[in-house]
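The structure appears below as structure tokens.
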Amino acid sequence: MITLRINGEDRSVDAPEDMPLLWVLRDIVGLTGTKFGCGIGQCGACTVHLDGKPTRSCLLPISAVGNRPVTTIEGVGATPAGAKVQKAWLDLEVIQCGYCQSGQIMSATALLTTTPKPNDADINAAMSGNICRCGTYVRIRDAIKLAATSAAPGATPTSSTTSGSTS
Amino acid sequence: MSGSAAGEPENPGRRAFLGTGAAAGSALLLGFYLPLGQGAPRSAAQAGGQRFEPNAFIRIDRQGVITLVMPQVEMGQGIYTGLAMVLAEELDVGAEQVVLETAPPSDKLYGNPIFGLQATGGSTSMRAFWMPMRKAGASARAVLVQAAAKMWNADAAGCRTERGEVIHEASGKKIGYGALIDHTAGVTPPKDPPLKAVGAFKLVGQPLKRYDTPDKVNGKLQYGIDVMPSGVKFATLALCPEFGGKVDRVDDAKAKSLPGVRQVVVLDDVVAVVGDHMWAAKQGLAALNIVWKSGPHATVDTQEVWKQLRTAGDGEGVTAKAVGDVNKALSQGERVEAEFELPFLAHATMEPLNCTVHVQPDSCEVWVGSQVLSRAQAVAAKVTGLPLGKVTVHNYLIGGGFGRRLEVDYVEIAVRIAQKVDGPVKVVWTREEDIQHDVYRPVYQDRMAASLSGGKIVGWRHRIVGSAIIARWLTPAFQKGVDIDAVDAAIDLPYEFSDMRIEYVRNEPPGVPTGFWRGVGPNNNVFAIEGFMDELAKKVGQDPIAFRRGMLEKNPRMKAALDLVAGKAGWGQPLPARNGGRTGRGICAQAAFGSYIATVAEVEVDKSGEVRVHRLVSAVDTGIVVNPDTVIAQLQGGLIFGLTAALYGEITVEKGRVQQSNFHNYRMLRIDQTPQIEVHLIPSGESPGGIGETGTTAGPPAVRNAIFAATGIALRRLPIDRDVLAGKKDAMTGKKTA
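Encoded structure:
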């Protein structure tokens with residue numbers, strides 16, 4: 001048994017040590033929001049956060065996870081950056097088929113966590129590992145910029161320049 | 168979203184509920200899955216007053232929950248939202264007052280009128296269902312109005328509707344649709360219900376947030392690949408790497424010794440490993456020693472395919488359309504000829520092919536994302552020998568279709584594997600199998616001939632050589648040797664010629680299965696016509712847009728799109744290089760799928776022949792726009808899909824095997840290569856056109872023509888050959904230059 005910390009919960013899984021995290025998440029833990037796209041780290045559909053860093057789970061054996069916390073698309077909305085990205089994705093209606101979008105959102109959230117005001121080059125560097133076959137890239141770029149300028153949904157404004165109520 | 172086997176209904180999404188008192192009861196099962204047996208339309212009387220089901224698309228229950236049943240499948244194109252808007256518009260309910268369900272398999276109830284089959288493809292959904300949905304909504308509304316009038320002893324003409332209520336103007340009485348269902352018995356639906364005037368639309372034409380997207384940002388939405396029926400096992404498979412090959416023998420000793428591997432299924436043409444999870448199945452498959460038996464196509468290679476295709480094109484084809492005397496016209500003036508060619512392409516949907524099946528002695532249950540639900544059911548029935556009624560198919564939202572899921576090969580294979588497995592089994596293809604065993608976009612050759620006189624085209628001949636997908640996929644529609652898909656957008660091109668002939672030569676590539684791919688027939692035709700147009704314009708020394716305009720006297724919609732895009736794109740203005748390369752703008756005028764679209768590409772070509780597309784601008788007349796944001800999204804996405812094909816897309820075959828296998832050698836456009844894209848919608852009162860395919864066919868010719876403008880090099884085939892643009896290879900012969 002290996003214990004993984006996934007979205008803030010410890011999960012003990014009975015799986016071979018060399019089994020990639022992707023399949024543990026999907027087929028054992030039942031978190032199917034993380035997607036299988038290529039199996040070789042080329043498309044980014046399987047992106048999760050390992051200790052906050054975007055990681056391709058299809059190539060990551062669970063033995064390499066150690067005690068680092070794993071965040072998946074099911075849990076990323078609990079982080080301020082994740083919530084902002086999800087909201088921006090809906091506000092700009094980024095999504096088409098949606099299959100790649102778990103990975104896109106995970107990559108975008110990681111970008112905003114380390115680079116709160118990304119420029120186009122930052123976005124290219126962070127997002128070019130994620131393929132979208134429907135071609136939503138134009139809106140992904142716009143949504144990242146929108147998320148970067150917006151407050152987290154439901155967040156209490158702390159700045160004195162922010163007007164309005166705290167609802 | 169929930170499949171039946173997944174158990175509890177999940178989060179219904181932001182608009183799924185009507186009111187607050189409606190959160191219980193089986194009729195309120197939320198999500199898009201329709202419980203078995205509840206899909207058939209019943210009259211209000213038959214429903215015993217429990218529900219009002221005036222037709223197959225609308226169901227209103229006593230609590231006022233309005234359920235709209237979606238005949239077309241959602242694969243990202245936004246059709247659930249679009250069709251729901253049309254239904255809700257005429258039913259006169261708010262967009263947030265409805266819940267959506269996926270239709271069960273039934274050609275009779277949910278067939279696409281254009282195909283006579285339950286199929287989502289070819290940018291037909293809105294074209295085919297625009298009027299049926301309006302009438303369905305309007306008819307239901309008329310019945311509800313009559314029911315209210317009868318109850319109030321009032322004149323129906325004195326009643327109106329608004330947001331799910333009938334209102335009697337004179338008395339001010341109001342009643343919700345749900346409260347009326349007991350009064351609809353005996354009310355005869357009108358044959359021709361009055362439809363709203365276009366100007367009276369409240370929903371249609373307004374940007375509406377999509378119903379399917381909220382659960383796509385948090386991992387909640389289940390695609391077919393995510394289904395987990397109780398006790399499910401996981402399988403992955405290998406087909407013979409050579410087309411047409413079979414299994415000779417399999418040594419599975421090592422695979423079976425691996426932890427988690429449960430079973431090895433060996434069929435005539437496929438081997439599958441079943442395990443406790445996909446990892447075990449994959450490991451097991453890799454540990455097998457499979458010896459394949461070559462079939463008749465073991466020697467096929469792409470060069471042979473091209474040779475055969477080009478030879479076939481030497482002969483005259485079947486006439487698909489003829490006007491005037493083309494032979495005479497071509498013998499006059501200056502004659503110009505050119506041949507355009509497009510390669511095999513794979514679909515590479517982001518959701519790899521998958522299908523989950525549970526075969527039992529007297530039933531078969533299938534969980535799948537399919538563009539042809541009734542065919543998925545039929546093939547499962549055929550394989551199992553069960554009657555249709557014993558085959559349950561749960562359809563799921565699709566993680567990319569693009570035509571791949573218009574085929575049911577992956578359903579058939581999964582059912583055959585499931586027949587050997589005790590309990591449900593989820594069969595997931597690896598990306599490698601997905602790329603190497605696709606049903607490919609055919610290779611095409613388009614032979615163009617025209618004669619020029621006085622700066623105008625006086626004769627036009629277009630010979631299309633390629634696979635007849637229709638002959639296989641919709642056999643009754645293949646008439647007189649003409650594939651209506653292969654000649655689509657060629658026989659009805661936007662330009663006016665007094666003498667023209669469009670010919671079709673059927674040529675099937677040996678061993679390589681071919682099928683529909685986003686953009687379908689117009690892919691090759693628009694590329695060839697628009698590429699040829701630019702070469703002809705250059706011959707007569709005219710600006711490409713001015714040259715086209717001169718042939719569009721009888722096509723004001725196309726002309727208006729051209730004029731708009733020329734202005735928006737800054738046509739004719741200087742285009743400075745950003746990276747020191749050669750720059751150019753190219754145009755594509757496209758009348759296809761019932762839409763008129765003009766697109767300008769801006770490109771920069773560097774010394775090494777690398778092409779950078781900086782900007783794409785499209786002007787779009789697609790008739791009445793139902794959901795403007797969706798139309799814009801489809802153009803953006805379609806253009807990018809086309810760019811991938813133009814810049815990278817090619818499947819090649821050697822010794823019967825596809826040489827590409829995954830995204831490292833079957834490349835996709837990525838965000839850092841994505842141009843700025845602008846889409847301008849042209850207001851129109853015409854019936855809605857199709858939109859999903861349009862960008863895919865419009866992008867490549869615009870880019871090709873921009874490269875022509877930038878370099879003077881007339882590319883005749885895709886994908887773009889960098890060596891040609893670097894001057895290392897000749898564009899016409901493909902031979903290396905000194």
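Line by line, the protein sequences give chains A and B.
According to the working numbering, the residues represented by the first sequence are 1 to 167, in order.
According to the working numbering, the residues represented by the second sequence are 168 to 905, in order.
A virtual CB, placed ideally from N, CA and C, is assigned to each residue, including glycine.
Residues bridged to residue i [DSSP beta-bridge criterion]
| i | result |
| --- | --- |
| LYS623(B) | SER620(B) |
| LEU92(A) | Note: LEU92(A) sits in no beta bridge, so no partner. |
| ASN222(B) | ILE225(B) |
| ASP788(B) | TYR763(B) |
| VAL772(B) | ARG749(B) and VAL778(B) |
Partners in chain A for residue i, counting only beta-carbon separations shorter than 8 Å
| i | result |
| --- | --- |
| GLN803(B) | GLY135, THR136, VAL138 and ARG139 |
| ALA515(B) | ARG133 |
Partner residues on chain A for residue i, Cβ-Cβ distance less than 9 Å
| i | result |
| --- | --- |
| ARG837(B) | ASN124, MET127, SER128, GLY129, ASN130, ILE131, CYS132 and TYR137 |
| GLN389(B) | THR32 |
| ILE392(B) | ARG26, THR32, LYS35, PHE36 and TYR99 |
| HIS831(B) | CYS38, ILE40 and GLN42 |
Minimum Cβ-Cβ distance from residue i to chain B less than 9 Å
| i | result |
| --- | --- |
| GLY8(A) | no |
| PRO118(A) | no |
| LYS35(A) | yes |
| PRO80(A) | no |
| MET1(A) | no |
| THR71(A) | no |
| CYS43(A) | yes |
| PRO157(A) | Annotation note: pLDDT 46 at PRO157(A) (below 50); position unreliable, no value reported. |
| PRO16(A) | yes |
| GLY77(A) | yes |
| LEU4(A) | no |
Per-residue contacts from residue i into chain A (C-beta, under 7 Å)
| i | result |
| --- | --- |
| GLY243(B) | GLN96, CYS97, GLY98 and CYS134 |
| THR597(B) | GLY39 |
| GLU860(B) | Going along chain A, no residue has its Cβ under 7 Å from GLU860(B), so there is no contact; the nearest lies around 13 Å. |
| MET134(B) | For residue 134(B) there is no data in the structure shown, the boundaries of chain B being 168 and 905. |
| THR523(B) | Per Cβ cutoff of 7 Å: no residues; THR523(B) is ~12 Å from chain A at best. |
| GLU574(B) | Under the 7 Å cutoff, chain A gives no residues; its nearest Cβ is about 17 Å from GLU574(B). |
| THR841(B) | TYR137 and VAL138 |
Proximity of residue i and residue j at Cβ, strictly below 9 Å
| i | j | result |
| --- | --- | --- |
| LEU814(B) | SER785(B) | no |
| PHE401(B) | ASP443(B) | yes |
| TYR833(B) | ILE844(B) | no |
| MET242(B) | GLY566(B) | yes |
| CYS531(B) | VAL575(B) | no |
| ALA251(B) | LEU276(B) | no |
| ARG779(B) | ILE131(A) | no |
| GLU821(B) | ASP605(B) | no |
| GLY939(B) | VAL672(B) | The question about residue 939(B) has no answer here: the residues shown for chain B are numbered 168 through 905. |
| GLY751(B) | VAL770(B) | yes |
| VAL767(B) | ILE858(B) | no |
| GLY231(B) | GLY331(B) | yes |
| THR551(B) | PRO609(B) | no |
| ILE123(A) | LEU111(A) | yes |
| VAL310(B) | VAL354(B) | yes |
Contact list for residue i against chain B, beta-carbon separation under 8 Å
| i | result |
| --- | --- |
| THR114(A) | Going along chain B, no residue has its Cβ under 8 Å from THR114(A), so there is no contact; the nearest lies around 18 Å. |
| LEU90(A) | LYS376, THR380, PRO381 and VAL384 |
9 Å Cβ cutoff, residue i in contact with chain A
| i | result |
| --- | --- |
| MET445(B) | yes |
| GLY198(B) | Any answer about GLY198(B) is weak, because its pLDDT of 29 lies below 50 and its placement is not dependable; what the coordinates show is given next. No, GLY198(B) does not count as interfacial toward chain A. |
| ASP605(B) | no |
| PRO176(B) | In this prediction, PRO176(B) has a pLDDT of 31, which is less than 50 and means its spatial position is unreliable; what the coordinates show is noted afterwards. Chain A contact via Cβ: absent. |
| PHE760(B) | no |
Distance cut-off 8 Å: residue i Cβ against heavy atoms of the ligand GDP
| i | result |
| --- | --- |
| ILE140(A) | Ligands in the displayed structure: none, and consequently the ligand GDP is not present. |
Within chain B, partners of residue i - CB distance below 9 Å
| i | result |
| --- | --- |
| PRO20(A) | TRP446 |
| SER57(A) | Result: empty, since nearest Cβ-Cβ is about 12 Å, beyond 9 Å. |
Q.
Going residue by residue through the stretch 6-70 of chain A, where are the continuous beta strand (DSSP E) segments of at least 3 residues, counting only ones entirely within it?
A. 9-13, 47-50 and 53-56
Q) For the stretch 256-319 of chain B, which segments carrying the alpha helix (DSSP H) assignment without a break, of at least 4 residues, lie completely within its bounds, in sequence order? A) 274-277 and 292-319
Q. Where in the stretch 558-625 of chain B do unbroken runs of the beta strand (DSSP E), each at least 3 residues long, occur, reported from the N-terminal end onward?
A. Runs found: 558-562, 592-595 and 611-620.
Q: Enumerate, from N- to C-terminal direction, the unbroken beta strand (DSSP E) stretches of 3 or more residues contained entirely within the stretch 502-528 of chain B.
A: 521-527
(Q) Quick check on the DSSP output: what are the complete alpha helix (DSSP H) runs of length 4 or more inside the stretch 338-413 of chain B, in order along the chain? (A) none
Q: Please list the segments of the alpha helix (DSSP H) lying wholly inside the stretch 98-126 of chain A, counting only runs of 4 or more residues, in order along the chain.
A: Qualifying alpha helix (DSSP H) stretches, in chain order: 101-114.
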